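Here the structure comes first, spelled out in structure tokens, and everything after it is commentary.
Protein chains: 2
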Amino acid sequence: MPRYKLTIEYDGAPFCGWQLQDNMLSVQGALEAAVEAMCGEPVRVHGAGRTDAGVHALGQVAHCDIAKAFPADRLRDGLNAHLRPHPIAVREVEIVPETFEARFSAKKRHYLYRIKNTRANLALDIGRVWRVPRRLDAEAMHAAAQRLIGKHDFTTFRDTECQAKSPEKTLDQLDVTREGDAINIVTSARSFLHSQVRSMVGSLVWVGEGRWSADDLAAALAACNRAACGVVAPPQGLYLVRVEY
Amino acid sequence: MPRYKLTIEYDGAPFCGWQLQDNMLSVQGALEAAVEAMCGEPVRVHGAGRTDAGVHALGQVAHCDIAKAFPADRLRDGLNAHLRPHPIAVREVEIVPETFEARFSAKKRHYLYRIKNTRANLALDIGRVWRVPRRLDAEAMHAAAQRLIGKHDFTTFRDTECQAKSPEKTLDQLDVTREGDAINIVTSARSFLHSQVRSMVGSLVWVGEGRWSADDLAAALAACNRAACGVVAPPQGLYLVRVEY
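These protein sequence lines map, in sequence, to chains Z and W.
Residue 362 is where the first sequence ends in this note's numbering, and the numbering goes up by one at each step.
Residue 362 is where the second sequence ends in this note's numbering, and the numbering goes up by one at each step.
Pasting the structure below:
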């Protein structure tokens, strides 16, 4: 049975998140319905990461096994046609060995968090960024962020409903840059805990506002206590950019 | 009476265009309502360019005279508050001499047209780009575009309802670049005819598809005949980026 790797872009706004939930519109559910419409049988689609409600993806990856063999491009075009009512694009389909697992074969996940640091309204980027009106010191945010790099117990930056067995993760990158009123936070790791990126970003905004020093951020990490976390950044600024294998 | 210069971003989707129209939602109308709500009297807002229905702006410029003197930042914040139901952002307010005219003082207008050249669906850029599924040769488009640079009679690329007195315009820049599946067309001139950018872009897509050569494009220009134009590109890919004074 051929295994297919799908690279997927979506606007997270209308979805309850990646994962199937009863009576809710999920990205996974929309994809499974499109696959079933093409091949006439129910098929499980496995994603690399369970993005939360409202979180976007530029390059989510999923795999599925389909009894029928499709040329990759035909499967991509057919899935896109069936997905058209949804803001979901299947950007690429590849035929992969059956050892490929979207979730477990992933070597690195790359996320982007977009802040717009402006007192003005949002217009073209409504639903695409977190608007923070108070002036943020992006350099201070970047410097503080480096205190989170490496292998740590990230309990402070972990949703209380996170199901990972261990709170230990190795953070490879957490860069904060400003371009005009756009502040972009780029981060990568083999894997992240539930809400980890949004928890780190919200805490970095406290640093940018001058409410926290870099030492305060490091102390929050060391506390290994969810109550020590800053605000959790809202979902619409977060993008799963790429999954490396 | 102080004169204010406004720099404005908007999502063109919900509007009948920049210009006031009876019983329609226009950007100009929304701005005038916001100014009136702040200063308690009807005020005319004059724009640098009349963007069509669905066309976006990153940096539209307008001016207005208000009897009451506001600090620039307070006017910006107040207008943004009153505009909040609309995807309109007043990015900057400046107090300018009364000789400043948003439309007539403009030295150069810069537009961007965004194409996404993909067979996949759109997701995050729905309403923000023109999706063209057939593979486009961006280098051929760029080379042909240079045939339009300079002073010409642009009747071929002019909407039949255009009210400009002369069809002569001087085109300063028309650059086509590709980055992955994004094709960006950047153009500037002191001013443009009605639908000129979209008419040039649609004709360039014919070049990119191999349907027209650069000579065909030059012949269309030389024909000075609206019927010689290629397809007119749809509005949602067009952005008024900046107006220079």
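C-beta: ideal position from N, C-alpha, C; glycine also.
A quick note: this is a predicted structure, and the numbers were derived from the prediction, not measured.
Three-way DSSP call (helix, strand, coil) for residue i in this model
i              : result
residue 346(W) : coil
residue 267(W) : strand
residue 308(W) : coil
residue 203(W) : coil
residue 124(Z) : strand
residue 319(W) : helix
residue 334(Z) : helix
residue 279(Z) : coil
residue 136(W) : coil
residue 209(W) : strand
residue 252(Z) : coil
residue 325(W) : helix
residue 231(Z) : strand
residue 176(W) : strand
residue 246(W) : coil
residue 226(W) : strand
residue 171(Z) : coil
residue 129(Z) : coil
residue 184(W) : coil
residue 162(W) : coil
residue 299(Z) : strand
residue 274(W) : helix
residue 220(W) : coil
residue 141(Z) : coil
residue 118(W) : coil
residue 351(Z) : coil
Through-space distance from residue j to residue i, alpha-carbon basis
i              : j              : result
residue 128(W) : residue 185(Z) : 43 Å
residue 227(Z) : residue 269(W) : 49 Å
residue 354(Z) : residue 307(Z) : 21 Å
residue 231(Z) : residue 360(Z) : 18 Å
residue 282(Z) : residue 243(Z) : 36 Å
residue 142(W) : residue 136(W) : 9 Å
residue 149(W) : residue 334(Z) : 46 Å
residue 211(W) : residue 303(W) : 27 Å
residue 118(Z) : residue 191(Z) : 17 Å
residue 305(W) : residue 288(W) : 7 Å
residue 214(Z) : residue 222(Z) : 12 Å
residue 130(Z) : residue 241(W) : 10 Å
residue 327(W) : residue 266(Z) : 50 Å
residue 358(W) : residue 346(W) : 25 Å
residue 246(Z) : residue 207(W) : 17 Å
residue 263(W) : residue 337(Z) : 58 Å
residue 132(W) : residue 239(Z) : 16 Å
residue 171(W) : residue 134(W) : 7 Å
residue 209(W) : residue 295(Z) : 19 Å
residue 139(Z) : residue 203(Z) : 18 Å
residue 314(W) : residue 169(Z) : 40 Å
residue 154(Z) : residue 181(Z) : 14 Å
residue 157(Z) : residue 146(Z) : 15 Å
Limits of the unbroken alpha helix (DSSP H) element including residue i
i              : result
residue 239(W) : From DSSP, residue 239(W) is part of no alpha helix (DSSP H); its letter is neither H nor E.
residue 144(Z) : 144-156
Cβ-Cβ distance between residue i and residue j below 8 Å
i              : j              : result
residue 271(W) : residue 321(W) : no
residue 205(W) : residue 121(W) : no
residue 151(W) : residue 200(W) : yes
residue 440(W) : residue 312(W) : Past the edges of chain W, shown from 118 to 362, lies residue 440(W), and the structure says nothing about it.
residue 385(Z) : residue 144(Z) : Any property of residue 385(Z) remains undetermined from this structure, which presents chain Z solely from 118 to 362.
residue 219(W) : residue 273(W) : no
residue 160(W) : residue 258(W) : no
residue 293(Z) : residue 255(Z) : yes
residue 163(Z) : residue 356(Z) : no
residue 233(W) : residue 251(W) : no
residue 195(Z) : residue 124(Z) : no
residue 319(Z) : residue 350(Z) : yes
residue 301(W) : residue 253(W) : no
Enclosing beta strand (DSSP E) for residue i [first to last residue]
i              : result
residue 293(W) : 285-296
residue 361(Z) : 355-361
CB contact check: residue i to chain A, cutoff 8 Å
i              : result
residue 238(Z) : This model lacks chain A altogether; the protein chains it does include are Z and W.
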